[in-house]
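K.L.:
FYI, this note's numbering numbers position 12 of the sequence shown as 707, with every residue one higher than the one before it.
A single structure is presented below for examination.
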Amino acid sequence: MNIILLGPPGAGKGTQARRLETERGMVQLSTGDMLRAARASGSDLGRRVSEIMARGDLVTDEIVIGLIEERLGTDAGSGFIFDGFPRTLVQADALGELLARHGQSLDRVIELQVDDAALVARISARSTCATCGEVYNDRTRPVPASGRCVTCGGTDFNRRADDNEQSLHHRLFVYYRETSRLIGYYWAHRKLVSVDGLAEIEEVAEAVSGILEEA
Ligand code: AMP
């Protein structure tokens with residue numbers, strides 16, 4: 696089964712994707728993670744996208760479609776979870792074509808619905824484990840007093856450079872200008888299901904599981 700997690704930055708896509716990986720053996724394909732890895736490695740691609748990402752703008756369709764194309768031929772476990780991709784109508788069309796070329800299709804698009812003010816609060820409090828990517832929040836899910844990650848025991852935690860208020864407002868603007876159109880697009884393709892992304896992580900996970908069971 697292949698699914699897209701759709702929603703603005705901070706809606707909880709990464710958190711839910713990691714749960715689905717652990718619980719269902721699905722494979723998360725996050726273009727944001729791939730681009731951050733390219734940036735960290737100092738590759739040509741990393742250098743080209745670094746400023747664009749820091750501003751909160753979208754990198755070109757060609758780059759992210761290429762990244763996804765490279766991964767589609769690899770082991771999908773029990774299915775791919777597309778996280779942060781597609782973000783434009785061109786990317787959405789490309790994904791459909793790429794999946795078809797691999798004899799696959801998209802089963803569901805799960806929209807995590809959230810309120811913008813809550814998003815800004817959530818994102819500016821966000822940090823992640825540098826080792827395994829587990830997501831924490833200063834207010835709702837703080838790093839344990841032991842200073843160790845609950846998943847892997849790591850002791851280094853990062854804040855994303857683009858998780859500041861200015862960049863976040865711009866990323867939200869870009870989301871509404873470009874990506875929110877995909878809600879209508881996938882509704883028309885009869886793939887869209889929406890869940891309340893502001894519920895507790897467990898409740899969102901249950902809602903997502905329910906959708907996958909019924910698919
Ligand atoms: P994310 O981790 O998904 O929030 O992505 C971080 C940044 O990477 C975004 O703000 C964009 O600059 C870039 N990015 C990630 N995925 C895409 C995509 N599908 N299309 C264009 N740019 C992307």
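From the three backbone atoms N, C-alpha and C, an ideal C-beta is built for every residue, glycine too.
Less than 8 angstroms between the CB atoms is what I'm expecting for Ile-805 and Val-744, so what's the real figure, rounded?
P.N.:
Not quite, the Cβ-Cβ distance comes to about 27 angstroms (not below 8 angstroms), so this is no contact.
K.L.:
Taking Cβ to Cβ, would you say Gly-705 is nearer than 8 angstroms to Ile-776?
P.N.:
no
K.L.:
Use the C-beta contact count for Asp-810: other C-beta atoms within 10 angstroms, 16 or more gives buried, fewer gives exposed.
P.N.:
With fewer than 16 other Cβ atoms within 10 Å, it is exposed.
K.L.:
Which residues does DSSP pair with Leu-830 in a beta bridge?
P.N.:
The sequence shown places Val at residue 830, rather than the Leu named in the question. Looking at the DSSP assignment, Val-830 forms a beta bridge with Thr-823.
K.L.:
Would you say Val-830 reaches chain B, if we count a Cβ-Cβ gap shorter than 8 angstroms as a contact?
P.N.:
Annotation note: the requested chain B is absent from the structure, which comprises a single protein chain.
K.L.:
Quick check: the Cα distance between Arg-691 and Tyr-871, rounded to an integer number of angstroms?
P.N.:
Within the shown structure, residues of the chain are numbered from 696 to 910, placing residue 691 beyond reach of any answer.
K.L.:
So, are the CB atoms of Ser-773 and Arg-843 less than 8 angstroms apart?
P.N.:
no
K.L.:
Taking the CB atoms as reference points, tell me whether Val-830 and Glu-860 lie closer together than 8 angstroms.
P.N.:
no
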